[in-house]
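Residue numbers (our numbering), protein chains in the order written: chain P, 1 to 111; chain L, 1001 to 1116.
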């Protein structure tokens, strides 16, 4: 599975959009991009995933560049409860699944 | 629909002891993965079980072993505990076959293990 690079920390004002970048320059054609978040003292929570097209659900939007070497998770109206560590993972098909979580991005949403 | 549960929530052991951690998968899920998360780090994959068979293993020594039962609940066993085994242990269950790309994992709250 491809490795990912994320900024260690970001902050955002409550009510504003939070844009969290992820670099996955070695991603291969059949690998998906997944995002999870982990609120303090809880297990990680699935947010969204995508292959090529942009995706949106009730939690967030995922924008994947045309060359698929990077992506951005967008929380359109961040709230204080969105304060968490956000992990970007790339995941291929076939073979054994060995997911690699990096250190993620610690997002702090402030009033 | 019940979520993923883990027990116990906290545990204190001494070096050299053995520990068993338990996980109850989300209803209907046939795949379970275990992770170790040290303080300030992301979760590190230990192994995954699919229909009671190990289906992938991370870089952990053999003293980390697991079981998955017919009802898809799971155990993580760690023998000869070391100080560095102190961590949050997470299990995650998923519905899809492990070889498929859709792998939305549902994580439990974790077991905090402290080794003294």
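Beta carbons: idealized from backbone N, C-alpha and C, even for Gly.
Asked, Found
"Any chance the stretch 1038-1048 of chain L sits against the stretch 1056-1066 of chain L, with 3 or more Cβ pairs inside 8 Å?", "yes"
"Please check if any C-beta of chain P sits within less than 8 Å of the C-beta of residue 1109 of chain L.", "yes"
"Excluding sequence positions up to five away, which residues of its chain have a Cβ less than 7 Å from the Cβ of residue 95 of chain P?", "In this predicted model, residue 95 of chain P has a pLDDT of only 49, less than 50, meaning its place in the structure is not dependable enough to derive any value."
"In the DSSP assignment, find the unbroken beta strand (DSSP E) run with residue 11 of chain P in it and report its ends.", "9-13"
"Counting only beta-carbon atoms, is residue 1039 of chain L nearer than 8 Å to chain P?", "no"
"Just mark residue 16 of chain P as buried or exposed, buried being the case when its beta carbon has 16 or more other beta carbons within 10 Å.", "exposed"
"Between residue 1011 of chain L and the ligand GTP, is the CB less than 7 Å from at least one heavy atom?", "Within the structure as shown, the ligand GTP is missing, as the structure has no ligands at all."
"What is the C-beta distance between residue 12 of chain P and residue 70 of chain P, in whole angstroms, given that I count them as a contact (C-beta under 8 Å)?", "About 19 Å separates the two Cβ atoms, so there is no contact after all."
"In terms of DSSP beta bridges, what is residue 1109 of chain L paired with?", "According to DSSP, residue 1109 of chain L bridges with nothing at all."
"Using the three-state DSSP reduction, which class does residue 95 of chain P fall into: helix, strand or coil?", "Caution applies to residue 95 of chain P, whose pLDDT of 49 falls short of 50 and renders its modelled position unreliable; the value that the coordinates give is listed next. Correct three-state label for residue 95 of chain P: coil."
"Would you report the Cα separation of residue 58 of chain P and residue 83 of chain P, rounded to the nearest angstrom?", "17 Å"
"Give me the DSSP bridge partner(s) of residue 73 of chain P.", "P:20, P:62"
"With DSSP run on the structure shown, which of helix, strand or coil describes residue 1081 of chain L?", "coil"
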